[in-house]
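The block underneath contains the structure these notes are about, expressed in structure tokens.
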Amino acid sequence: MGDVMSELAGIEKLGHKIGAIGYLSKGVLTREQLTEQAVLMALIPRLRPELYEP
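Residue numbers for the sequence shown follow the working numbering, beginning at 1 and rising by one.
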């Protein structure tokens, strides 16, 4: 994906710089922030299991 995004963005080695999410969000969101949010969202069913019971 890195090569494809580098080509689309016109930025060499985009993955070593701002990454795809940084490019797509115009720097508003970093890779680290996206990962943190994804992990927190994945934990929601474990933190609030009563919301997911049949």
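Note that the Cβ used here is the ideal one computed from N, Cα and C, for glycine as well.
E51 classed as buried or exposed, judged by whether at least 16 other C-beta atoms fall within 10 angstroms: Checking the sequence, you will find Leu at residue 51 rather than Glu. So L51 ends up on the exposed side.
Close Cβ partners of D3 (< 8 Å) along its chain, the five nearest in sequence each way excluded: none
Proximal residues to G15 (C-beta, below 6 Å), its chain only, five neighbours per side dropped: G2
Terminal residues of the alpha helix (DSSP H) in which M5 lies: G2 to A9
Beta-carbon contacts of A9 that lie in its chain and below 7 Å, excluding the five residues immediately before and after: Y23
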